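Numbering (our numbering), first residue to last: 154 to 534.
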């Protein structure tokens, strides 16, 4: 079944918007709450059809609800949602709030590189320069190795304790204490292995050199300037019926009441909530160089190397890949009931984001690829 929509033009912000007139269908319904920038097309109606075509390409079969968006060369191409926020009568849109999990790491990385540009820290310095009272085997690990997941630190969050730890409101030192007695997995720089513990240390380093709370740093330096009013930890983002409900796929069905993530359980490694509208605003700010300088972006979006000089297979807080001769940076996120993926083509630039209120079944990375392909196909139509 299709969602019926009314199309209206909003003069206040220059966007075309859709309003849900009646919802009769399932999670496979067409996308509602869509926005598209009319100045990208010769006529507003064409802009709407283009955005609808782009977002309708996203496979929805396995996700209760999604929200998706795209930004191209500093202009919002599309943003919208489909399915359910957790209530059959409530369809996600660009303003729906989702847990974004490890996508938080990209903001932590951006913060670290910005602080380096200001001369407050160096990514080639050992972590003991900024964080005291840590195990001896951690002290000489460089910030660059924490950013590139080549530190060898013991991992505090894993498949066995994931659902147990996520709802706990932990302090950073409490998180470190969970693994302080464990041996390192390998020598720093020896290989790449994804690690959450390192980003807890990075958040602590940022607080140490600024003497400011991590969440306040993100708000003051990024969210405020970019206009991201719906991004932050759960205890700072009032839902007001805007938050999606999570779903966790297990044993062939969805658990529609998984534990909600506490801000402290993953903190600088994964504690943020956000919306498609806000992530689009972040993409616009990146495109326009309003928050991070070109020098910061260039240093952050490059491939890291192992101690032997070989590529680490990762960047500094971001995945970095070469696809058809183009540089792609990306990152995903997953919590007990949510998953997402952000992908950015540096050569265009073109950014896509997909947020879902499920984990364990549908792959948001596949959805962002579908959205990207739809945009490229639109170029040739």
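For each residue, glycine too, the CB sits at the ideal point set by N, CA and C. Small disclaimer: the values here were computed from a predicted structure and weren't measured.
Which residues does DSSP pair with residue 472 in a beta bridge?
Counting from one through the chain shown, the residue named residue 472 turns up at place 319. Bridge partners of residue 472: 483.
Please state if the CB of residue 356 and the CB of residue 252 are separated by a distance shorter than 8 angstroms.
Indexing the chain shown from 1 puts residue 252 at position 99. Indexing the chain shown from 1 puts residue 356 at position 203. No, Cβ-Cβ distance for residue 252 and residue 356 is not below 8 angstroms.
Quick one: using the 10 Å Cβ neighbour count with 16 as the cut-off for buried, is residue 438 buried or exposed?
Sequence index remark: in the chain shown, residue 438 carries index 285 (1-based). Buried is the call here.
Cβ of residue 284 within 8 angstroms of Cβ of residue 358?
Here residue 284 refers to the residue found at position 131 of the chain shown. Here residue 358 refers to the residue found at position 205 of the chain shown. Result yes, Cβ atoms of residue 284 and residue 358 sit closer than 8 angstroms.
Have a look at residue 292 and residue 247 and give me their C-alpha separation to the nearest angstrom.
Residue 292 sits at position 139 when you count from the first residue of the chain shown. Residue 247 sits at position 94 when you count from the first residue of the chain shown. Near 43 angstroms, if we compare the C-alpha coordinates of residue 247 and residue 292.
Cα separation between residue 478 and residue 525?
Position 325 of the chain shown, counted from the start, is the residue given in the question as residue 478. Position 372 of the chain shown, counted from the start, is the residue given in the question as residue 525. Taking the straight line joining both Cα atoms gives about 16 angstroms.
Can you tell me which of the three DSSP states residue 194 falls into?
Numbered from 1 along the chain shown, position 41 holds the residue referred to as residue 194. Confidence at residue 194 is low in this model, with a pLDDT of 38, below 50, so its placement is unreliable and the value that follows should be read with caution. Correct three-state label for residue 194: coil.
In DSSP terms, what residue 352 is bridged to
In the chain shown, the residue the question calls residue 352 occupies position 199. In the DSSP output, where bridge partners are listed per residue, residue 352 has none listed.
Assuming contact is defined by CB atoms lying nearer than 8 angstroms, are residue 221 and residue 506 in contact in what I supplied?
For the purposes of this step, residue 221 is taken as residue 68 along the chain shown, with counting starting at 1. For the purposes of this step, residue 506 is taken as residue 353 along the chain shown, with counting starting at 1. Contact: yes.
Report back the beta-carbon spacing between residue 338 and residue 288 to the nearest angstrom; my notes put them in contact at under 8 angstroms.
As a position in the chain shown, residue 338 is number 185, starting the count at 1. As a position in the chain shown, residue 288 is number 135, starting the count at 1. The Cβ separation is near 13 angstroms, so there is no contact.
Close Cβ partners of residue 304 (< 7 angstroms) along its chain, the five nearest in sequence each way excluded
Position 151 of the chain shown, counted from the start, is the residue given in the question as residue 304. The answer, listed in chain order, is 294, 298, 341, 348 and 351.
Please report how far the alpha carbon of residue 262 lies from the alpha carbon of residue 452, in whole angstroms.
The sequence position of residue 262 within the chain shown is 109, counting from 1. The sequence position of residue 452 within the chain shown is 299, counting from 1. Cα to Cα, residue 262 sits roughly 11 angstroms from residue 452.
Please return the same chain residues whose Cβ sits closer than 8 angstroms to the Cβ of residue 528, not counting the five positions on each side in sequence.
Here residue 528 refers to the residue found at position 375 of the chain shown. Within the same chain, residue 528 has close Cβ partners 207, 223, 225, 230, 503 and 505.
Should residue 386 be labelled buried (16 or more other beta-carbon atoms within 10 Å of its own) or exposed?
In the chain shown, residue 386 corresponds to position 233, counting from 1. Buried, by the Cβ-count rule.
In chain order, what residues of the same chain have a beta carbon less than 6 angstroms from the beta carbon of residue 409, not counting five sequence neighbours either side?
Counting from one through the chain shown, the residue named residue 409 turns up at place 256. Result list for residue 409: 400, in chain order.
Closer than 6 angstroms by C-beta to residue 254: which residues in its own chain qualify, once you throw out the five before and the five after it? Chain order, please.
Along the chain shown, read from residue 1 onward, the residue named residue 254 stands at position 101. Answer for residue 254: 423, 486, 487 and 488, listed in chain order.
Residue 300, DSSP secondary structure in three states
Here residue 300 refers to the residue found at position 147 when the chain shown is read from its first residue. Helix, per DSSP.
Excluding sequence positions up to five away, which residues of its chain have a Cβ less than 8 angstroms from the Cβ of residue 446?
Mapped onto the chain shown, residue 446 falls at position 293. So the list reads 270, once near-sequence residues are dropped.
Kindly give me the distance between the Cβ atoms of residue 512 and residue 492, rounded to whole angstroms, as I take these residues to be in contact under 8 angstroms.
Taking the chain shown and counting its residues from 1, one reaches residue 512 at position 359. Taking the chain shown and counting its residues from 1, one reaches residue 492 at position 339. The Cβ separation is near 5 angstroms, so the contact holds.
Pairwise C-alpha distance: residue 245 and residue 521
Mapped onto the chain shown, residue 521 falls at position 368. Mapped onto the chain shown, residue 245 falls at position 92. Their backbone Cα atoms lie some 17 angstroms apart in a straight line.
Label residue 394 either buried or exposed according to how many other C-beta atoms from any shown protein chain fall within 10 Å of its C-beta, with 16 as the threshold for buried.
Position 241 of the chain shown, counting from 1, holds the residue named residue 394. Residue 394 should be labelled exposed.
Residue 367 (DSSP reduced to helix, strand or coil)
Along the chain shown, read from residue 1 onward, the residue named residue 367 stands at position 214. Note: residue 367 maps to helix in three-state DSSP.
How long is the line joining the alpha carbons of residue 249 and residue 238, rounded to whole angstroms?
As a first step, residue 249 must be located in the chain shown, where it is residue number 96. As a first step, residue 238 must be located in the chain shown, where it is residue number 85. Using only the alpha carbons, I get a separation of about 8 angstroms.
Whole-angstrom distance between residue 374 and residue 193, CA atom to CA atom
As a working note, residue 193 is residue 40 in the chain shown. As a working note, residue 374 is residue 221 in the chain shown. Residue placement at residue 193 is poorly supported in this model, since its pLDDT is 39, which falls under 50; the coordinates still yield a value, given next. Roughly 30 angstroms between the two C-alpha positions.
Quick check: is any heavy atom of the ligand ATP less than 7 angstroms from the C-beta of residue 519?
This structure does not include the ligand ATP; it has no bound ligands of any sort.
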